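The structure under discussion appears below in the form of structure tokens.
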Amino acid sequence: MTCVSRSEENIHVSCSATKVFPKAICMFTISNSSTQISQMIENASNSMFSPEDSTNDIFYYNASCEIYHNITLETVGNYTIIVSIYPNIETNSKLIHETNRTLNILFEKPSIQFSNCLASVVAYVIVSCSCKMKGLGSASATYNWFNNHSKTLLTNESLLTFVATKYDTAFLCEARSDTLNVTITNVYNITIITEMGNYVSIIIVIIAIIIIFFSTVLLSRYGNCRSRNLSTYFTLTE
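Position in the sequence shown (from 1) plus 1 gives the number in my numbering.
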């Protein structure tokens, strides 16, 4: 038996089993945080199957079934779906012949994720940053990028490309889910490194090294002179 989750927006699970006899029944049990919230039993879609090398009138059924369950912002979380497919036998022992599969599906609240976005760059370099909605409602998301200070619209694509300057260091990504009727935002901040700033830092380091060097030399000479003077003083005294 195989089961597949076919949606990131809602519970949509498809399952199939082969060589079932007689026709199969499906049972879906849905739980959220260990609490059962739904259980459904339905007749499977059964198609007859007969082995090609069979010389007798032997046949089985290939069974398939699906389940749908809506997820909203209020019901996001971790869901466990247990699927059982078993022959439709009117006896209490039918569960002995069942086959089971368990799926764990996590539905998260929508959020914005940045990717390939540099934290700092040299001024006047071309920069790109990708904004994507993750979680519930992301399949229908649309995007807008704004300058976070002037609120000027820069692009209505998920990818922002711009020339880095010290005047523009914060950009607002707006993502909207049409299915949820929800809009979320997040700000991308970037630090601009100017070349002048690099030169100034280098010069400051060089000056500091020179000051330390000359201070060391002067202290050394002062120590030598003091030693000679003390030596002369003790000689004269004697």
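Even for Gly, the Cβ is constructed at its ideal location relative to N, Cα and C. Only a predicted model underlies this, so the values are computations on that prediction, with no experimental measurement involved.
Measuring CB to CB, does residue i end up less than 8 Å from residue j?
i	j	result
T180	G138	yes
C132	S112	no
E175	T166	no
I90	I31	no
F108	I72	yes
I106	S6	yes
M2	T100	yes
I12	H70	yes
L161	L155	yes
I191	A124	no
S39	S65	no
S48	N79	no
F115	C130	yes
N157	Y168	no
K24	V77	no
With 16 as the cutoff for other CB atoms within 10 Å, does residue i come out buried or exposed?
i	result
A171	exposed
V188	exposed
I211	exposed
F60	exposed
Y87	buried
V84	buried
S178	buried
L119	exposed
M41	exposed
I213	exposed
V14	buried
K95	At K95, the pLDDT of 49 sits below 50, so the modelled position is not reliable and the matter cannot be decided from this model.
Y234	The predicted position of Y234 is uncertain, since its pLDDT is 45 and thus under 50; a value taken from the coordinates is nonetheless stated next. By the 10 Å Cβ count, Y234 comes out exposed.
I207	exposed
V164	exposed
Q37	exposed
How close, in whole Å, do the beta carbons of residue i and residue j come, if the pair is a contact with beta carbons under 8 Å?
i	j	result
E9	A140	6 Å
Pull up the DSSP beta-bridge partners for residue i, would you.
i	result
K28	According to the sequence displayed, residue 28 carries Met and not Lys. M28 pairs with I42 and S85.
K133	Q114
G78	F108
Y189	F172
T36	N33
I207	DSSP, once it has assigned bridges, lists no residue as partnering I207.
S159	In the DSSP output, where bridge partners are listed per residue, S159 has none listed.
F147	L154 and L173
I12	H70
A142	S178
T103	I83
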